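Read the structure below first, then the notes.
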Amino acid sequence: MADSQAAEGVQAAPRACDLLVTNAYLITMDAARRVFTRGAVAIGDGEILAVGREQEVAPAFAPARTIDAQGGPVLPGAFDCHAHVGLHTTRGAFSEVGSESEYFASYVRWTNALDADEEYASALLACLEMLKNGITCFIEPGTAWAPDAVAAAAQAIGIRGSVADPYLWDVEGFWYAANLERAPSNRERALRELGKQLWRNRDSRALVRGHVAVYGIGSATDELLLAAKRVADDNGTFFTMHQSFEPPDIAADDARFGKYPLVHYAEIGLLDRRCVFAHMNAVRDDEVAPIVESGLSLVWNPGNYLYWGVGDHYRGRMAELHRQGANVTFGTDVAKVWAAGEQGLLGYLVTREKSDYLAPEDVLQISTLNGARAMQLDDRLGSLEPGKRADLVIHTTRLPEQQPLLDPVRNLALVSRTKSVRTVIVDGRVALEDGRPTLIDEERVYATARASVARMVKRVGLSPGTRWPTIS
Ligand SMILES: [Zn+2]
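For what it's worth, the working numbering labels the leading residue of the sequence shown as 61, then goes sequentially.
So this is what it looks like as structure tokens:
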């Protein structure tokens, strides 16, 4: 029987490696959830070669470079499983509005006015924000007109992503489709477009992959849903859509199916572990078993759940579903007043508000390993183990919010969170070093985003700014 304390991947004679991270409070997220108080990780050719006690790992390697984590927590890169990165700049352009209809009126005009340059500018900013907050992989849910622009942005920043064909739907009269003349609700069109991004998966080392998406929340027929899922199955990837967002779409699905949507989906054979459903704000008792038994993944967007007051109508059940074994992940959705990396605390507090409980260890698992599982990539991402790709985040302890650091796991999950991110490694490459991106000029990202938003605000006819008198 193997010694559970022994370092894995260590060989007798020292061998060359690209990078050695030492002096780490190492949160592995491996099957036993081992934590090494003074750990080390050896990396070669983008792969994790060894993980364990520094005293065992370090002597076994002759690294080209060593990074001293200075005792800071080191853990796997986080996942954002529902991020509309091409719409990220709306966060800075939309004034505070009280009504959802006012918000969506601007949102529709903005979406219609986007082109590849503006989506690139938005995605570049979103990806930099993710990197600086320790998110190393995201799912774009099929709402970027130019998936190539999103892919280029992720590659320029050096993080992973997955893209899909945009706005696929086939229910006639679906309100959003009726407002986006560039994407008519049409089955032939949807079937033709399905899977066009999957060529990206031919290169197993590609940072940006492809998946299958339809828009969802009542915009797809059973025929389209099953066809999309079949393409995902045939290509070994996942299928994602929006589902059970808020009262109107939930009521429409209940009426359309004559039963709760997840019960219906189970009956038509849609559900299994390759399904990734975003929002799922309404989970009725009859829907719990189909969710848990099918192994599908849920993307929890607590920011948007709070923002639109969905809790007035439906009690959030993500903590309960997580305890029952459902694969719950986090998503930013379209960022409104929150930033990358804040869903963990929001999810924790949403849970607390209902007198329920989510452990800090759960928050970290949901952020990391569960995201890899949703993307069908848990054989290569999501934990720090030999043989997996080297995506890891090094945190500093030199921060008031990191003190007194009696329980670094709890502190990291709930208090210092992503404020303490110092250095980020993706596929073995240092993409963020001491808070600065290494592959791109940070100022250029901001300038590109500002210029884009200035164009878009003019194009769409918005006038953002404070309500206070402003003297220039
Ligand atoms: Zn969404």
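The beta carbon of each residue, even a glycine, is placed where N, CA and C say it ideally should be. None of the values given here were measured: they were computed from a predicted structure.
Nearest in C-alpha terms to ARG510, of all of LEU79, THR526, ALA153, is ALA153. Positions of the beta strand (DSSP E) runs, each at least 3 residues long and wholly inside the segment 296-335, are given as 299-303 in order along the chain. Taking every protein chain shown into account, the CB of PRO226 has 16 or more other CB atoms within 10 angstroms, so this residue is buried. The nearest non-hydrogen atom of ligand 1 is 7 Å or more from the C-beta of HIS148. The beta carbons of THR428 and PRO136 sit closer together than 8 Å. Between the segment 154-165 and the segment 106-126, the count of C-beta pairs closer than 8 Å stays below three; the two stretches do not touch. For PRO201, the distance from the CB to the nearest heavy atom of ligand 1 is below 7 Å. In this structure the segment 362-376 does not touch the segment 323-333; the number of beta carbon pairs closer than 8 Å is below three. The three-state secondary structure of HIS339, taken from DSSP, is strand. Excluding sequence positions up to five before and after LEU147, its CB lies within less than 6 Å of the CB of VAL394, all in the same chain and listed in chain order. In this structure, HIS455 has its CB at a distance of at least 7 Å from all heavy atoms of ligand 1. At a threshold of 7 Å, HIS271 does not count as near ligand 1, since its beta carbon sits no closer than that to any of the ligand's heavy atoms. Within the segment 238-299, the alpha helix (DSSP H) runs of at least 4 residues that lie entirely inside it are, in chain order, 247-253, 282-294.
The three-state reading of DSSP puts GLY104 in strand, counting E and B together. Secondary structure at LEU184: helix, using DSSP grouped into helix, strand and coil. The segment 334-419 is shown to contain whole alpha helix (DSSP H) runs of 4 or more residues at 345-354, 362-367, 378-383, 403-413, in chain order.
Spatial neighbours of ASP90 in its own chain (CB-CB distance under 6 Å, excluding positions within 5 residues in sequence) are listed in chain order as SER443, GLU445. Taking the Cβ of ALA183 as the reference point, every heavy atom of ligand 1 lies at 7 Å or farther away. DSSP places ILE426 in the helix class (H, G or I) of the three-state scheme. DSSP assignment within the segment 140-197 yields the following whole alpha helix (DSSP H) runs of 4 residues or more, N-terminal first: 150-153, 160-173, 176-192. About 5 Å separates the beta carbons of ARG269 and SER222, which is inside the 8 Å limit, making them a contact pair. As for any beta strand (DSSP E) of minimum length 3 sitting wholly inside the segment 443-481, the runs are 452-455, ordered along the chain. Each residue's CA atom was taken as its position, placing MET378 and TRP360 some 7 Å apart. At a Cβ-Cβ threshold of 8 Å, LYS396 and ILE108 do not count as neighbours. Looking at the DSSP output, LEU80 bridges to ALA102, THR126. GLU178 and CYS187 have their C-alpha atoms spaced approximately 14 Å apart. Counting along the chain, the unbroken beta strand (DSSP E) around GLU493 starts and ends at 489-493. In the DSSP assignment, SER512 falls within the alpha helix (DSSP H) that extends over 502-520. Fewer than three Cβ pairs drawn from the segment 507-522 and the segment 231-249 lie within less than 8 Å of each other, which leaves the two stretches out of contact.
Remark: C-beta atoms of PHE390 and CYS335 do not approach each other more closely than 8 Å. Nearest in C-alpha terms to ALA214, of all of TYR275, GLU347, ILE500, is ILE500. Within 7 Å of the C-beta of ASP393 there is at least one heavy atom belonging to ligand 1. Our two residues, LEU185 and GLY318, have alpha carbons roughly 43 Å apart in a direct line.
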